[in-house]
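Per the working numbering, the sequence shown starts with residue 49, numbered consecutively. Cβ atoms here follow ideal geometry from the backbone N, Cα and C, with glycine treated the same way. Everything on this sheet refers to the single structure shown next.
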Amino acid sequence: MRRRLSNWLAGGLAACTLGFASGQEPAAEAAEHPAKPLLWKVEGKGLEKPSWLFGTIHLGKGPLGKLHPAAAKALDGSDSVYTEVSMDPASQLGLAKHFVRNDGKRLSDSIGEELSGQLEAELKAINPDLDAKPFQAFKTWAVGVMIPMLKIQMSGDAPLDKVVWDRASKAGKTMGALETPMDQFGIFDGLEEEEQIVLLAEGLRMQEESRAGGDDPIDKLVKAYLSGDEKKVEAEMERNFTEMAKGEHKALAERLLKQLLDDRNVSMTDGIVERLKAEPAKAHFFAVGAGHYVGKDSIGNLLTKKGYKVTRITE
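Structure representation (structure tokens):
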């Protein structure tokens, strides 16, 4: 797999990171906002106004939760705003049900004594007051995607996606989403329980190895995002999700990557085109995880192949 799951969640999967924020991000304290926005202008094919692609990070502490002036101007000048999933309070409250087990088992019953012990150890490393009791009702995959982000989640700052949603909503703009939570959660629900256990076990292993090596992949991704350099963001995500593909779980890793990134890039591009065609006289602002806007198969490149002119805006 080309990306570490914690970085993928931070850069490309909003439903799993709603409400997450930074617990210890030294890079995030150094500036008022990102040095350059991950922002692209979309023109052509009969559009009467330019529309915008804005790459978010699903974190929110310090400048991570503040828009670059160019992004703020594009947002404020748009008629409609779309995020990955709806950020309204009712939708957020409904997310929890997607994490709850429906097989009649406790988490520890499914993952066994050894992995349960590893989970307890990781939770204590994050915070000595934590234990696995609150996670017993959750699906195995849900715990697997929560743990890498848990330290960040605990401070409670709103992620950038929610900042965008709230600002646009208060301004009375038309609000919408390119996906439903099940478009994201369904990928993990489609895994066999054994595959979900692999996901959790690999995540715990990589967390332990990162800590032992003094490596914080989230902090490095934060620095790349704050730089506004799309190549650095892409490189950091590429660097940090190689582990599973090296071993016996390569097939699972590659399948997940295709579903989480490539397939969703195609479906979200189709959703963007649908909205552009339906209302060409309006300016639309599409705010999704930055991971979807970098790389050769990015949404921007897919739009270019469909005949739109996509231009990076840096100031």
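query: Any idea which residues DSSP pairs G103 with across the strands?
result: V336
task: Return helix, strand or coil for R50, following the three-state DSSP convention.
output: Low local confidence applies: a pLDDT of 40 at R50 is under 50, so the model's placement there is unreliable, with the coordinate-based value given in what follows. Here R50 sits in coil by DSSP.
message: Using a 10 Å radius around the Cβ and a threshold of 16 neighbouring Cβ atoms, would you call K210 buried or exposed?
response: Looking at its Cβ environment, which holds 16 or more other Cβ atoms inside 10 Å, K210 is buried.
message: Along the chain, where does the alpha helix (DSSP H) containing G160 start, and where does it finish?
response: Run containing G160: 155-174, per the alpha helix (DSSP H) assignment.
message: With three or more beta-carbon pairs closer than 8 Å as the criterion, would you say the region 275-284 touches the region 220-239?
response: no
Status (buried if at least 16 other CB within 10 Å, exposed otherwise) for E73: Bear in mind that a pLDDT of 40 at E73, under 50, signals an unreliable position, so the number given afterwards is only what the model happens to contain. Looking at its Cβ environment, which holds 16 or more other Cβ atoms inside 10 Å, E73 is buried.
- prompt: Should the region 252-261 be regarded as contacting the region 152-161, the criterion being three or more beta carbon pairs within less than 8 Å?
  reply: As far as the Cβ criterion goes, the region 252-261 does not touch the region 152-161, which means the pair count is below three.
task: Could I get the ranges of all uninterrupted beta strand (DSSP E) runs contained in the region 81-134, with 3 residues as the minimum, in chain order?
output: Those beta strand (DSSP E) runs which fall completely within the region 81-134 and span 3+ residues are 87-91, 99-104, 128-131.
message: Among the candidates S139, G261, G220, whose CA atom is the shortest distance from the CA of V129?
response: G220
- prompt: Which one of H332, G110, D311 has the shortest CA to CA distance from S346?
  reply: D311
message: Using the three-state DSSP reduction, which class does M254 fall into: helix, strand or coil?
response: helix
Terminal residues of the beta strand (DSSP E) in which V342 lies: Careful: V342 lies outside any beta strand (DSSP E) and carries neither H nor E.
task: Give the single residue among N349, A301, R303, A283 whose Cα lies nearest to the Cα of V365.
output: Residue 365 is absent from the model: the chain starts at 49 and stops at 363.
query: Just reading off the alpha helix (DSSP H) that T317 is part of, what are its end residues?
result: 311-326
- prompt: At which residues does the alpha helix (DSSP H) containing A190 begin and terminate?
  reply: If you look at A190, you'll find it in the alpha helix (DSSP H) that goes 188-194.
- request: Would you mind working out which of T104, S258, E243, K97 sits nearest A173, comparing C-alpha positions?
  value: S258
message: Which residue wins for smallest C-alpha separation from M316, given the options A301, T188, E363, Q232?
response: Q232
Beta carbon of A206 nearer than 8 Å to that of G108: Yes. Within cutoff.
Inter-stretch contact at 8 Å, needing at least 3 Cβ pairs: the region 320-329 / the region 113-122: no
- request: Alpha carbon to alpha carbon, how far is F186 from Q201? Give it in angstroms, no decimals.
  value: 17 Å
- prompt: What residues are listed by DSSP as bridge partners for G224?
  reply: Y130
Identity of the residue in K271, S126, R303, A144 nearest P98 by Cα: Checking every option, the nearest Cα to that of P98 belongs to S126.
task: Sort A190, V270, E282 by Cα distance to L26 and report the nearest one.
output: Absent from the structure is residue 26, since the part of the chain shown begins at 49 and ends at 363.
message: Quick check on K357: does DSSP put it in helix, strand or coil?
response: strand
K334 vs W100 beta-carbon contact at 8 Å: Per the sequence shown, residue 334 should be read as Phe rather than Lys. Yes. Within cutoff.
- request: Kindly list the residues whose CB is nearer than 8 Å to the CB of G262, restricted to its own chain and excluding five residues on each side of it in sequence; keep chain order.
  value: none
- request: For V212, collect the residues of the same chain with a Cβ closer than 6 Å to its Cβ; drop the 5 residues on either side in sequence, then sort them by chain order.
  value: A335
- request: Could you spell out the range, first to last residue, of the alpha helix (DSSP H) harbouring E302?
  value: 298-305
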